[in-house]
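S.K.: Before I ask anything, here is the structure I am working with.
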Amino acid sequence: MSFEEKMNESGEDEKSKRLNISLLRYMWEASPLYFKESYHTFFRNLSVLKSFSDNDIRIFTTYLHRREFETNEAIFKYGDSGYGFYFIHSGSVSIQEPGGEEIVHLEKSKFFGELALLDEGHRRPATAIATTPTVLLGIFKPDLDKMLESHPVLGAKFVHESAMILANKIGHMTKEIMALRRKLEALEKKN
Amino acid sequence: MKKNQIVKVYLFFAILIAALAFMVKFPRLTLPFGFSYILYLMINPVASRILRGNNQQRIIYSLFFTACACLLVVPLVATLYNAETDFKQLLKHIPELRVKLQFKYLQFRELFIDKTGVKLSLDPVTYIMRNVESQGANLLSSIPTLVSTILEWMLLVPLFLYFFFKESKTLKVKFMEFIPNSIFEKTYVLFSQFNTKFGEYIIAKFIEATILGSLVTLGLILVSFPYPFILGIVAGVTNILPYVGPIIGFVPAIAVALLSQNPDVTLLSATLIYLIANAVDMVLVFPLLVSKIVNLHPILVVVSVLAGGQIGGAVGMIVVIPMVAFIQLLFKEIYQDLNAQ
Numbered sequence: 004m005s006f007e008e009k010m011n012e013s014g015e016d017e018k019s020k021r022l023n024i025s026l027l028r029y030m031w032e033a034s035p036l037y038f039k040e041s042y043h044t045f046f047r048n049l050s051v052l053k054s055f056s057d058n059d060i061r062i063f064t065t066y067l068h069r070r071e072f073e074t075n076e077a078i079f080k081y082g083d084s085g086y087g088f089y090f091i092h093s094g095s096v097s098i099q100e101p102g103g104e105e106i107v108h109l110e111k112s113k114f115f116g117e118l119a120l121l122d123e124g125h126r127r128p129a130t131a132i133a134t135t136p137t138v139l140l141g142i143f144k145p146d147l148d149k150m151l152e153s154h155p156v157l158g159a160k161f162v163h164e165s166a167m168i169l170a171n172k173i174g175h176m177t178k179e180i181m182a183l184r185r186k187l188e189a190l191e192k193k194n
Numbered sequence: 005m006k007k008n009q010i011v012k013v014y015l016f017f018a019i020l021i022a023a024l025a026f027m028v029k030f031p032r033l034t035l036p037f038g039f040s041y042i043l044y045l046m047i048n049p050v051a052s053r054i055l056r057g058n059n060q061q062r063i064i065y066s067l068f069f070t071a072c073a074c075l076l077v078v079p080l081v082a083t084l085y086n087a088e089t090d091f092k093q094l095l096k097h098i099p100e101l102r103v104k105l106q107f108k109y110l111q112f113r114e115l116f117i118d119k120t121g122v123k124l125s126l127d128p129v130t131y132i133m134r135n136v137e138s139q140g141a142n143l144l145s146s147i148p149t150l151v152s153t154i155l156e157w158m159l160l161v162p163l164f165l166y167f168f169f170k171e172s173k174t175l176k177v178k179f180m181e182f183i184p185n186s187i188f189e190k191t192y193v194l195f196s197q198f199n200t201k202f203g204e205y206i207i208a209k210f211i212e213a214t215i216l217g218s219l220v221t222l223g224l225i226l227v228s229f230p231y232p233f234i235l236g237i238v239a240g241v242t243n244i245l246p247y248v249g250p251i252i253g254f255v256p257a258i259a260v261a262l263l264s265q266n267p268d269v270t271l272l273s274a275t276l277i278y279l280i281a282n283a284v285d286m287v288l289v290f291p292l293l294v295s296k297i298v299n300l301h302p303i304l305v306v307v308s309v310l311a312g313g314q315i316g317g318a319v320g321m322i323v324v325i326p327m328v329a330f331i332q333l334l335f336k337e338i339y340q341d342l343n344a345q
C-alpha cells in the first residue's frame, strides 16, 4: 500500500496533501546552503565585484570567513599587523584616528582594509570599531594566496578589483589634495 | 577589551590545552592522526596543482607527478627489498663481528699503551655488542606488537587521510569561528604559514634523504662495498637530522670497513663516497630544497634537535625544526607588535 493510499484510508483531508511551505522554508533556512545563498545575493549586489560571474562568486564565498562583532568591539587597532579585507554584511563600522576621531562611518555592503591584502608587512593606518552588532565577511592573505594557486583566474580578477578600489581611492585623494591646494593658494593670495 | 571578550580568549586557550592533553593521553590515536596530517600536508599541494586547470592540463600534471612518484618510490621499494637480505646477513655475522671488533680493539689498545702508557678499559666493545644483541632480541620479541600496530595504522591512516581531504576546508572554517576576534587575524595567518612550512619541510627532507641514500647506495655498489642497501638507508634516514645526521650515518660504514680483508682501502673508498654524497647534498640539494623553507641559526638547530630527541625521540628530532621555525616567527610577530606600540 502506497503512502498516499494510507493517508486517504486514515481519513486525512486534501489539506494535508498540500506542500507545507513554512516547513520547507524552515528546512531551507536551517540548511548550510541558505547562508551561502545569502552571501551570493549580497555579493551579486556589490558594484566592486561586478566583473564576477555567478560561479566566480560561488567559489569566492568559499574563501570567506564570517566574523561577528559586538557593539564597540574593535575589529582592528591602529598599528596592528593587517592581513584582512572586510565586507560589511550587516551592521556598521566606524573608522577612527588613533585619537578616537571618526574618519568615516561605513554601513552594510561597504568594505575596508583592502590595502592589507596587497601590502607586505602592512600596519593598520586607523582603528576600526563596530558601532552596532556587526557581521563581517573577511578574506585574508593566506586565502588570497590559496585562491591564486587553486583558481588563478578568479584570484587575478579579485586582485584586479582590489587594485581598482585603491586606484579610485588614490584618484579621490588626489582630487581632495588639489582642492585643498587651491584653497590654500586662495588664502595666501587674500593675505 | 571587554570582560566577555577576555573570557572568550581564555576559553579558546583552555580548549586548545585540553585538546593537546587529550592527544598526549591517547598516543595510539594521536600518532596515526598526526602521521595522516603530515601526509595530507605533503600530498595536498600536489593534489591542488593537479585539480586546477582544464582536463588536458590535469592529465599532463597527473602523468608528471606519477612519473616523479615512481622515480622516488621504485628505487625505495627495491632498496627496502634488498636491505632485508642485507639485514639478515648482518644478523648472521654478528658473532663474527664481535670477535673481529674485539680483536681490532685489542690491537688499538696495545698501540695506545705503547704510545701513551695509558691502559684502556676492555668494557666498551663488550658493552656495545651486548647492547646490539639485546636490541636485536628485543626487536624480534616486539614483532607481534609491531605487526598489530602496522595493521591498525593501515586502517586508520587512509581513513584519516580521506577525512582530511574531504572535510579539512569546512573543519578549518568551523575551527576558525572559535578563535576570538581580537587574535583572529594573527592566529589565522600564523596557522596557515605553519601548515605550509611544515608540509614543505617534510617533503623536502624526504626528497633530500632519498637522493642522499641513493647516492650512497650507488657509490657503495660501484666499489663492491658490503651491505650497500642497508647502509644507504641508514645514511638517508640519519641525514634527516641536521649536522649530526651525516656523521651518525657514516659510523656503520666504518664498522663494516674495519671487518673487511683490506680495511684501509675499504675505509678510504667508503669515506670518499660519503664525502661526495654529502657534498652533493650540501652544495646542491639542501640549498635548492630545504634552506629557503627554514632559516634558523645553526646553533639553534643543534640545540633544538637535541631537545626534540630528548622529548620525542627520532620523530621529535625531525618535527622540532619546523616547530622552532614557527616559534621564531611567532616571537618576531610579537616583537614587531611591541615595537609598533
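Those sequence lines, one after another, are chains A and B.
Offset between the first sequence (1-based) and our numbering: plus 3.
Offset between the second sequence (1-based) and our numbering: plus 4.
Glycine is no exception: its CB is placed at the ideal position from the N, C-alpha and C atoms.
If we ignore side chains and look at the alpha-carbon of each, how far apart do residue 13 of chain B and residue 164 of chain B end up?
M.R.: 29 Å
S.K.: State the CB to CB distance for the pair residue 325 of chain B and residue 205 of chain B, rounded to an integer number of angstroms; the pair is presumed to be in contact (CB under 8 Å).
M.R.: Indeed they touch by this definition, with Cβ atoms about 7 Å apart.
S.K.: Taking Cβ positions only, does residue 153 of chain A come closer than 7 Å to chain B?
M.R.: yes
S.K.: Going straight from the alpha carbon of residue 265 of chain B to that of residue 313 of chain B, what length do you get?
M.R.: 37 Å
S.K.: Which residues in chain B sit within 7 Å of residue 70 of chain A, going by Cβ to Cβ distance?
M.R.: 185, 188
S.K.: Taking the C-alpha atoms as reference points, what is the distance between residue 11 of chain B and residue 98 of chain A?
M.R.: 26 Å
S.K.: Per DSSP, what kind of secondary structure is residue 168 of chain A in: helix, strand or coil?
M.R.: helix
S.K.: Between the Cα of residue 226 of chain B and the Cα atoms of B:249, B:104, B:124, B:276, which residue gives the shortest distance?
M.R.: The residue with the shortest Cα to Cα distance from residue 226 of chain B is B:276.
S.K.: For the region 104-121 of chain A and the region 45-53 of chain A, state whether three or more C-beta atom pairs, one from each stretch, are separated by less than 8 Å.
M.R.: yes
S.K.: Buried or exposed, going by whether 16 or more other CB atoms sit within 10 Å of the CB of residue 36 of chain B?
M.R.: buried
S.K.: What do you reckon, are the CB atoms on residue 141 of chain A and residue 89 of chain A nearer than 7 Å?
M.R.: Judged by their CB atoms, residue 141 of chain A and residue 89 of chain A are nearer to each other than the 7 Å cut-off.
S.K.: List the residues of chain B that residue 143 of chain A touches, going by C-beta distances under 7 Å, in chain order.
M.R.: 189, 192, 193
S.K.: Would you call the CB atoms of residue 217 of chain B and residue 239 of chain B closer than 7 Å?
M.R.: Their beta carbons are under 7 Å apart, which means residue 217 of chain B touches residue 239 of chain B by this criterion.
S.K.: Could you check the C-alpha separation between residue 311 of chain B and residue 321 of chain B for me, to the nearest Å?
M.R.: Cα-Cα distance, rounded: 8 Å.
S.K.: Are the Cβ atoms of residue 330 of chain B and residue 198 of chain B separated by less than 7 Å?
M.R.: Taking 7 Å as the Cβ cut-off, residue 330 of chain B and residue 198 of chain B qualify as a contacting pair.
S.K.: Taking all protein chains shown into account, decide if residue 150 of chain A is buried (16 or more other Cβ within 10 angstroms of its Cβ) or exposed.
M.R.: buried
S.K.: Any idea what DSSP makes of residue 129 of chain A, helix, strand or coil?
M.R.: Reduced to three states, the DSSP call for residue 129 of chain A is coil.
S.K.: Quick test of your reading: residue 245 of chain B and residue 234 of chain B, contact by CB under 8 Å. State the CB separation rounded to the nearest angstrom.
M.R.: Wrong, their Cβ atoms sit about 18 Å apart, outside the cutoff.
S.K.: Roughly how many angstroms lie between the CA atoms of residue 100 of chain A and residue 131 of chain A, to the nearest whole one?
M.R.: 9 Å
S.K.: Measure the alpha-carbon distance for residue 9 of chain B versus residue 208 of chain B and round it to whole angstroms.
M.R.: 41 Å
S.K.: Which residues does DSSP pair with residue 137 of chain A in a beta bridge?
M.R.: Residue 137 of chain A is bridged to A:72.
S.K.: Mapping the DSSP letters down to three states, classify residue 181 of chain B as helix, strand or coil.
M.R.: helix
S.K.: Note down the Cα distance separating residue 293 of chain B from residue 212 of chain B, rounded to an integer number of angstroms.
M.R.: 8 Å
S.K.: Assign residue 220 of chain B to buried or exposed, taking buried as 16 or more other Cβ atoms, counted over all protein chains shown, within 10 Å of its Cβ.
M.R.: By the C-beta density criterion, residue 220 of chain B is buried, having at least 16 other C-beta atoms within 10 angstroms.
S.K.: Verify whether the separation of the beta carbon atoms of residue 133 of chain A and residue 96 of chain A is less than 7 Å.
M.R.: yes
S.K.: Within its chain, find whatever has a CB closer than 7 Å to the CB of residue 160 of chain B; leave out the 5 residues flanking it on each side and keep chain order.
M.R.: Around residue 160 of chain B: 36.
S.K.: Assuming residue 264 of chain B is part of the alpha helix (DSSP H), what are its boundary residues?
M.R.: No alpha helix (DSSP H) holds residue 264 of chain B; DSSP gives it neither H nor E.
S.K.: Chain A beta carbons: is any one of them nearer than 7 Å to that of residue 180 of chain B?
M.R.: yes
S.K.: For residue 52 of chain B, would you say it is in contact with chain D, using Cβ-to-Cβ distances shorter than 7 Å as the test?
M.R.: No chain D is part of this structure, whose protein chains are labelled A and B.
S.K.: May I ask which residues mark the beginning and end of the beta strand (DSSP E) holding residue 88 of chain A?
M.R.: 87-93
S.K.: Buried or exposed for residue 317 of chain B, going by 16 or more other Cβ atoms inside 10 Å?
M.R.: exposed
S.K.: What span of residues does the alpha helix (DSSP H) with residue 98 of chain A cover, start to end?
M.R.: Careful: residue 98 of chain A lies outside any alpha helix (DSSP H), inside the beta strand (DSSP E) at 96-99.
S.K.: Between residue 87 of chain A and chain B, is the shortest Cβ-Cβ distance under 7 Å, so that the two count as touching?
M.R.: yes
S.K.: If we ignore side chains and look at the alpha-carbon of each, how far apart do residue 61 of chain B and residue 261 of chain B end up?
M.R.: Going by C-alpha positions, residue 61 of chain B is about 51 Å away from residue 261 of chain B.
S.K.: Go to residue 248 of chain B, then tell me how far its beta strand (DSSP E) extends in each direction, as first and last residue.
M.R.: Element bounds for residue 248 of chain B: n/a, residue is neither H nor E.
S.K.: Residues of chain B with CB under 9 Å from residue 84 of chain A, in chain order?
M.R.: 189, 190, 193, 337, 340, 341, 344
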